[in-house]
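Peer 1: Numbering (the numbering used here), first residue to last: 284 to 1261. Below you'll find the structure I mean.
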């Protein structure tokens, strides 16, 4: 009986003998349950050390740039990971009973200083690989109809296999945390919390099937409440969303320029909780666009009316005209309410300019058939404040002709406030419905429903393809969008926001283009439709909280933000053309424009600076001495202008998302080109574009003759193009023109040297609509000559004729027959010769610009006389000398304006702008090496004297002497200073 026991004990001893060594080599986890015994009551403390020969190290907390000593980290299974520091942590948790369910941690010191706002982890095996990226300024780009962002703050995961490529990305785009520590309870050290916020999720799958590349894309953006467990991708309403006590619905003419055929409205009624409520009769007000408020007080002493301006958006960003432009229109609600009070017999004379109120705001009967033509507005105000239970709200009306419908809501924020401007807070108008085309005969009469609510989520999804096969290339994409909203339901004063039913706005957009190359030419075609109900923008309410003070959401106008999945970024840099804060390393810079300017097509050398301001100061190069020899203003630039707004397409900047085609347009384009010789080509085409809701059209048949020659002996370049087209274009394409004289800003930002931060801005320019019915011929000639090696000559000539044809235009306008002539001429020449070590280079440049209206002014005999609209002539004489002083130093001298031959600008239409200028420039330039860097030191002085022809401009004349010293450090072997 003892033998089995002996055998078992032997086996256990063998196992113990095998296990004990392995346990000794394996790191132990957990806390030991048996502590070693202690012989003495005495506590052994640290002893004396002598550091005469022993090395001394500082405390771990003092190790730059880390603030804390390293510690051990373990995974969720208890296995050791690393000994080090926390760098980044983003956690999203959805459940009841928690204070915050979203947190982002970024260590302030390491994230910015050590890792430069970017961390990448990657691995690969054979043809498989992946990359995990976390950063503050990532590129998130799927397709131009689903997602295109250059300042994406979040994480992305990219996987590549031999068969497909896959990308996942995510961002808490609202409060993504820029490492700046905020106040508690929203931040503890470097962790930024959020209870409700907005998240962006996206994925793209791409695969190749032979020469065909296919892609599938899906993007979602939604508002969530992390402390609730019923969140969905369709989003939630925020708990602090103000109640909607009054509904304002505005009907206008969608094509106001024609002055007729605007909105026809009848039988408008409120639909409350799914049921018609004819007992809630709206107040209907008629007024014109742009009228001034008549709410205010009248001075007893002077009798002067002092208006109360109450429609300025509240918040720091009320001056952010670019970001909110076209999105911040608000109703004159106090005027509407006082007008209704007056009709009800209430005395409002103490709060308004009563005479102006009655004359400006006309009361209409909601039972009549109403029209809004041209700049007229029809405003319906529905009062919900007395309703005990509201779950959903809509307005139904019979609509016809060319209408546009917008909705705003009023919140009774302060019932005890003095007057309506202090009692109510209004949202911005939101466009919810537009008629298709420019119908003016009532043929589109239909009953339409207008739902009222707040955006909660946005979906965009698409399929795209690219085929390149045997001289054939095809690109295309079909996309859809779905924007979900909800009315903030309530019972009495209790919010029941999850009770309201969701409703959605859905739309589509698509395009396809193809080109077929063959020997001696090519043929191409494209078709597209960018429907007005396709959206990549979501508007949400963001309540002010103390945790927002250190973020980009501080001080939003009307607590309203617009999230754009497809950004406006014509110049393709890392800053969107319009934004709300969001710079790397800056929580909120209070700016809304692209901080380094928007200059598409004006950076040929890709140095990040506009070619018209290469020295990056606050003076454009074409008006700066010596630099003006190499550049001209945009008036002298030639390029195709397919949308006919006199701004070349390659340099055009607008304020719209960067879709592949303009929004609210559909059309086709056919073209072909024959290569007659290696230098000569002949092209022809036709495009037919129409606005879907706007009603405009752009039709053009064109022909192009082109000649291009490079490096032909002493002829370096010769380019000739003649563009003849028949145009009918009445689509107003507003554009943004770069202000090349930038302003100075105080905010330091990444990529520019502190203290040298001019901010380039843009001015909006309206489309002059000069090609509504025209024949146009545009000719351009450019040549670069080197008659001999030391002489270079450049000539640029442009001549454009615009024959405007007599006849009726859309909208009832009449155009008379006339011609507009535009002519520019640029010639410059420089010669370089050497006398011993001295290099001498005279330069001479001439510019001429003329715009003539051949039939501008009507004479007494009924005929029309020509008028010169613009006529400018400039002469620029320059002398440059360079003398090497030592091996690394040289003396430079420049003179612009030589004695009796000054730099001369002559404006023959407005003589006030004519002036003479002399400039003397002298400097010593040194080039040295410093620890592998190239060091440039420039010390010099400049003298400028400017005088105007007219004495009235004497205050603008100057005589200036400037001394300067500048030191630059960089790597010139890379082609430019960095």
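Note that the Cβ used here is the ideal one computed from N, Cα and C, for glycine as well.
1. Compute the distance between the beta-carbons of residue 990 and residue 982, then report whether it is under 9 Å.
2. With DSSP run on the structure shown, which of helix, strand or coil describes residue 911?
3. Using the C-alpha atoms, what's the distance from residue 940 back to residue 432?
4. Going residue by residue through the stretch 1073–1111, where are the continuous alpha helix (DSSP H) segments of at least 4 residues, counting only ones entirely within it?
5. How would you call residue 724, buried or exposed, if buried means at least 16 neighbouring beta carbons within 10 angstroms?
6. When you compare each of 337, 810, 627 to residue 954 by their alpha carbons, which one comes out closest?
7. Judging by CA-CA distance, which residue of 371, 408, 385 is the nearest neighbour of residue 397?
8. Find the nearest neighbour of residue 1265 within the set 1056, 1083, 1113, judged by alpha-carbon distance.
9. Are residue 574 and residue 664 touching if we call contact CB-CB under 9 Å?
10. Jot down the residue ranges of each uninterrupted beta strand (DSSP E) in the stretch 376–454, minimum 3 residues, whole runs only, in chain order.
11. Using 8 Å as the threshold, is the stretch 1210–1218 in touch with the stretch 1153–1167, meaning 3 or more CB pairs across them?
12. What number of angstroms, rounded off, separates the C-alpha of residue 1254 from the C-alpha of residue 1218?
13. So, with DSSP's three-state summary, where would you put residue 337?
14. Out of 528, 416, 1124, which one is the CA nearest neighbour of residue 706?
15. Which ranges does the alpha helix (DSSP H) cover as unbroken runs of at least 4 residues, wholly within the stretch 603–654, from first to last along the chain?
16. Answer with buried or exposed for residue 660, where buried requires no fewer than 16 other C-beta atoms within 10 angstroms of its C-beta.
17. Restricting to Cα atoms, I'd like to know which of 330, 409, 569 is closest to residue 655.
18. Measure the beta-carbon distance from residue 526 to residue 773 and round it to whole angstroms, keeping in mind my assumption that it falls under 8 Å.
19. Residues in its own chain within less than 8 Å of residue 1194 by CB, not counting five upstream and five downstream?
20. Terminal residues of the continuous beta strand (DSSP E) containing residue 1186?
21. Rounded to whole angstroms, what is the Cα-Cα separation between residue 554 and residue 732?
22. Keeping to the same chain, check which residues put their C-beta closer than 8 Å to that of residue 409; ignore five residues upstream and five downstream.
23. For residue 837, which three-state DSSP category applies?
24. Just how far apart, CA to CA, sit residue 647 and residue 563?
25. Can you pull the DSSP bridge partners for residue 485?
26. Comparing alpha-carbon positions, which option in 685, 776, 620 lies nearest residue 671?
27. Quick test of your reading: residue 1131 and residue 1156, contact by CB under 8 Å. State the CB separation rounded to the nearest angstrom.
28. For a minimum of 4 consecutive residues, which ranges assigned as the alpha helix (DSSP H) are wholly contained in the stretch 1130–1207?
29. For a quick check, are the C-beta atoms of residue 1142 and residue 1103 less than 9 Å apart?
30. Figure out for me which residue from 567, 580, 727, 944 has the closest Cα to the Cα of residue 632.
31. Using the three-state DSSP reduction, which class does residue 1012 fall into: helix, strand or coil?
32. Can the beta-carbon of residue 229 be found less than 9 Å from the beta-carbon of residue 691?
33. By how many angstroms is the C-alpha of residue 1139 removed from the C-alpha of residue 984?
34. Between residue 458 and the rest of its own chain, which residues show a CB-CB distance below 7 Å, the 5 nearest in sequence each way excluded?
35. Using a Cβ-Cβ cut-off of 7 Å (strictly less than) and excluding sequence neighbours within five positions of residue 695, which residues of its own chain qualify?
36. Taking all protein chains shown into account, decide if residue 360 is buried (16 or more other Cβ within 10 angstroms of its Cβ) or exposed.
Peer 2: The short version:
1. The residue you call residue 990 lines up with position 707 of the chain shown. The residue you call residue 982 lines up with position 699 of the chain shown. No, the pair does not count as a contact, with Cβ atoms beyond the cut-off.
2. Position 628 of the chain shown, counted from the start, is the residue given in the question as residue 911. The answer is helix: DSSP assigns residue 911 an H, G or I state.
3. Numbered from 1 along the chain shown, position 149 holds the residue referred to as residue 432. Numbered from 1 along the chain shown, position 657 holds the residue referred to as residue 940. Spanning the two alpha carbons is a distance of roughly 11 Å.
4. Scanning the stretch 1073–1111 from its first residue to its last, no whole alpha helix (DSSP H) run of 4-plus residues comes out.
5. What you label residue 724 is simply residue 441 of the chain shown in a count that begins at 1. By the 10 Å Cβ count, residue 724 comes out exposed.
6. The residue labelled residue 954 in the question sits at position 671 within the chain shown. Residue 954 has its Cα closest to that of 810, out of 337, 810, 627.
7. For this step, residue 397 is matched to residue 114 along the chain shown. It is 371 whose Cα lies nearest to the Cα of residue 397.
8. Given that the chain is displayed from residue 284 to residue 1261, the structure contains no residue 1265 and the question cannot be resolved.
9. If you number the chain shown from 1, residue 574 lands on position 291. If you number the chain shown from 1, residue 664 lands on position 381. Contact: no.
10. 385–389, 401–408, 411–424, 431–443, 447–454
11. No, the stretch 1210–1218 is not in contact with the stretch 1153–1167.
12. Counting from 1 along the chain shown, the entry for residue 1254 is found at position 971. Counting from 1 along the chain shown, the entry for residue 1218 is found at position 935. One C-alpha to the other measures close to 9 Å.
13. Position 54 of the chain shown, counted from the first residue, corresponds to residue 337. Reduced to three states, the DSSP call for residue 337 is coil.
14. Counted from its first residue, the chain shown places residue 706 at position 423. Ranking 528, 416, 1124 by Cα distance to residue 706 puts 528 first.
15. List check, alpha helix (DSSP H) in window: 604–607, 616–626, 637–643.
16. Within the chain shown, the letter at position 377 stands for residue 660. If you draw a 10 Å sphere on the C-beta of residue 660, you find 16 or more other C-beta atoms in it, and that means buried.
17. The residue you call residue 655 lines up with position 372 of the chain shown. The shortest Cα separation from residue 655 among 330, 409, 569 belongs to 569.
18. Along the chain shown, one-based indexing puts residue 526 at 243. Along the chain shown, one-based indexing puts residue 773 at 490. Right, the Cβ-Cβ distance comes to about 6 Å (below 8 Å), so this counts as a contact.
19. Position 911 of the chain shown, counted from the first residue, corresponds to residue 1194. Once the five neighbours on either side are set aside, the close Cβ partners of residue 1194 are 1232, 1233.
20. Against the chain shown, residue 1186 aligns to sequence position 903. Start and end: 1186–1190.
21. Here residue 554 corresponds to residue number 271 of the chain shown, with the count starting at 1. Here residue 732 corresponds to residue number 449 of the chain shown, with the count starting at 1. Whole-angstrom Cα-Cα distance: 9 Å.
22. The count along the chain shown starts at 1 and reaches residue 409 at position 126. Within the same chain, residue 409 has no close Cβ partners at all.
23. Along the chain shown, one-based indexing puts residue 837 at 554. Three-state result, residue 837: coil.
24. Counting from 1 along the chain shown, the entry for residue 647 is found at position 364. Counting from 1 along the chain shown, the entry for residue 563 is found at position 280. When rounded, the distance between both Cα atoms is 16 Å.
25. As a first step, residue 485 must be located in the chain shown, where it is residue number 202. Bridge partners of residue 485: 452, 502.
26. On the chain shown, position 388 is the one that residue 671 refers to. When each option's Cα is compared against that of residue 671, the closest is 776.
27. Position 848 of the chain shown, counted from the start, is the residue given in the question as residue 1131. Position 873 of the chain shown, counted from the start, is the residue given in the question as residue 1156. At roughly 5 Å, the Cβ-Cβ gap stays under 8 Å, so residue 1131 and residue 1156 are in contact.
28. none
29. On the chain shown, position 859 is the one that residue 1142 refers to. On the chain shown, position 820 is the one that residue 1103 refers to. Going by C-beta atoms, residue 1142 is not nearer than 9 Å to residue 1103.
30. Stepping through the chain shown from its first residue, residue 632 is reached at position 349. Considering only alpha carbons, the answer is 580.
31. Locating residue 1012 in the chain shown gives position 729, counting from the first residue. Note: residue 1012 maps to strand in three-state DSSP.
32. Coverage of the chain is limited to positions 284 through 1261, which leaves residue 229 absent and any answer about it impossible.
33. Residue mapping note: residue 984 aligns to position 701 of the chain shown, counting from 1. Residue mapping note: residue 1139 aligns to position 856 of the chain shown, counting from 1. Near 27 Å, if we compare the C-alpha coordinates of residue 1139 and residue 984.
34. Taking the first residue of the chain shown as position 1, residue 458 is located at position 175. The beta carbon of residue 458 sits closer than 7 Å to the beta carbons of 475, 477, 480, 834, 836 from its chain, once the five residues preceding and following it are set aside; these are given in chain order.
35. As a working mapping, residue 695 is identified with position 412 in the chain shown. Taken in chain order, the residues that qualify are 528, 668, 706, 707.
36. Position 77 of the chain shown, counted from the start, is the residue given in the question as residue 360. The residue is exposed, with fewer than 16 neighbouring Cβ atoms inside 10 Å.
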